[in-house]
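Chemist: Positions in the sequence shown are counted from 1; adding 1 to them yields this note's numbering. Beta carbons: idealized from backbone N, C-alpha and C, even for Gly.
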Amino acid sequence: MDTSVTMPILETLSYNSGYDKPDMDGAYCENNGCANIHGEPVLYCNMNLSKAYSKLVDNHIACSLSNDPGRFLCGYIYYRSLEYSPDRVVFVHVPCAARMSPEDTAISLLQIIRELTALKGVVIPYK
């Protein structure tokens, strides 16, 4: 959850460095703030997020694309996940309940999941 966003955001990439802030326990990222000292500077989601986004917008689903997941836990987790499965991993920032109702968030996420699975040839039936 990101308190600054007003709609779900599909993150297109993540960065290897810049993780230099302490977590809530005061612990810092090892490796001088790098997710992986031997990793690429940027990793990209290999799913066609632009296509999914276009279909979502055409169906009046509030969402956006971003190329900055942040340099804290979200970006770090996404980077490490993309290292293992760039064809199957997407990070979605969601707004807090004060910015978008839980019901609207759930509806948007369901549609996002439907579009992302469709990219992989899997259809989630409507009931």
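1. Alpha carbon to alpha carbon, what distance is there between MET101 and LYS22?
2. Who are PHE92's beta bridge partners in DSSP?
3. Which whole runs of the alpha helix (DSSP H) in the segment 19-102 are 4 residues long or more, in chain order?
4. Could you tell me how far apart the beta carbons of LEU120 and ASN49 are, in whole angstroms, since I believe they sit closer than 8 Å?
5. On the premise that ALA53 lies in contact with LEU117, defined as a C-beta separation below 8 Å, what is that separation, rounded to the nearest angstrom?
6. Please look up how many angstroms separate the CB atoms of HIS94 and PRO9, rounded, as I've assumed it's under 8 Å.
7. With which residues is ASP3 paired in a DSSP beta bridge?
8. Give every residue of the same chain whose Cβ lies closer than 6 Å to the Cβ of TYR77, excluding the five residues on either side of it in the sequence, and list them in chain order.
Modeler: From the atom records:
1. Near 28 Å, if we compare the C-alpha coordinates of MET101 and LYS22.
2. GLU12
3. 31-34, 50-59 and 74-85
4. 6 Å
5. 6 Å
6. 7 Å
7. PRO96
8. TYR20 and ALA36
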